[in-house]
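The structure under discussion appears below in the form of structure tokens.
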Amino acid sequence: MNDCPSNKEWKFSEILADHKIRARWEKVRKYFFLRESTYDMANRCNIRCEGCYYYEGDKQFAEENRDPAAWRELMRAEKARGITYVVLAGAEPSLVPELCEVCFQEMPLGTIATNGLKFIPESIN
Ligand code: SF4
């Protein structure tokens, strides 16, 4: 039998008894409601980077859906299954601002993974 503390089975309450750990826990716990999901908004991009994950794989052959109503419906369905944070990705999401706008209206928390070359309207916060 090894009495080394690293072999101890800790209860969560015991871990939180450490005031430094508890302070960190309190800082992040307010974000625990976040449930993230990522979406490829367009199969186009305004540049070509060497080794781009999108154009190296099969994603580039996916058909685009440019119908804002379909994206709104998708976002509502995603909300219903518990998603609270969206990542709008590529290829290049700034090429479809009308779709990003709809996503933002339905799911205001998230990130847009853009290369930054095309301005994204500020209304998409
Ligand atoms: S900007 Fe992004 S999506 Fe476009 S080619 Fe570069 S890595 Fe790929």
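Numbering follows the numbering used here, in which position 107 of the sequence shown is assigned residue number 383; successive positions increment by one, without gaps. Think of the CB as a built atom: it goes at the ideal place given N, C-alpha and C, for glycine as much as any other residue.
If you count every other CB in all the chains shown that lies within 10 Å of the CB of Cys325, and 16 or more means buried, which is it?
For the purposes of this step, residue 325 is identified with residue 49 of the sequence shown, where counting begins at 1. Cys325 comes out exposed.
Please classify Glu312: does DSSP put it in a helix, a strand, or coil?
Taking the sequence shown and counting its residues from 1, one reaches residue 312 at position 36. Of the three classes helix, strand and coil, the one that applies to Glu312 here is strand, per DSSP.
Status (buried if at least 16 other CB within 10 Å, exposed otherwise) for Ser370
The residue you call residue 370 lines up with position 94 of the sequence shown. It counts as buried.
Just checking, does the region 337-354 make contact with the region 291-305 on the three C-beta pairs under 8 Å criterion?
no
How many whole angstroms separate the CB atoms of Ala353 and Met317, which I take to be in contact at a CB cut-off of 8 Å?
Numbered from 1 along the sequence shown, position 77 holds the residue referred to as residue 353. Numbered from 1 along the sequence shown, position 41 holds the residue referred to as residue 317. The pair is not a contact, with the Cβ atoms about 16 Å apart (cut-off 8 Å).
For Ile359, which three-state DSSP category applies?
By one-based count along the sequence shown, residue 359 stands at place 83. DSSP places Ile359 in coil when its eight states are reduced to three.
Tell me the rounded alpha-carbon separation between Thr314 and Ser289.
Sequence index remark: in the sequence shown, residue 314 carries index 38 (1-based). Sequence index remark: in the sequence shown, residue 289 carries index 13 (1-based). In a straight line, the C-alpha of Thr314 is about 33 Å away from that of Ser289.
With DSSP collapsed to three states, give me the class of Leu393.
Stepping through the sequence shown from its first residue, residue 393 is reached at position 117. Coil at Leu393, not helix or strand.
In DSSP terms, what Ala365 is bridged to
Counting from 1 along the sequence shown, the entry for residue 365 is found at position 89. Answer is Asp316, bridged to Ala365.
Specify which residues have a beta carbon nearer than 7 Å to any heavy atom of the ligand SF4, listing them in chain order.
Cys321, Ile323, Arg324, Cys325, Cys328, Tyr329, Tyr330, Tyr331, Gly366, Ala367, Glu368 and Asn391
On the premise that Val363 lies in contact with Ala389, defined as a C-beta separation below 8 Å, what is that separation, rounded to the nearest angstrom?
Numbered from its first residue, the sequence shown carries residue 389 at position 113. Numbered from its first residue, the sequence shown carries residue 363 at position 87. Ala389 to Val363, Cβ: 6 Å. Contact.
Between the beta-carbon of Glu377 and the beta-carbon of Met351, is there less than 9 Å?
The residue given as residue 377 occupies position 101 in the sequence shown. The residue given as residue 351 occupies position 75 in the sequence shown. Contact: no.
Can you tell me whether Ile232 is helix, strand or coil according to DSSP?
Because the chain is modelled from 277 through 401, residue 232 falls outside the range shown and cannot be assessed.
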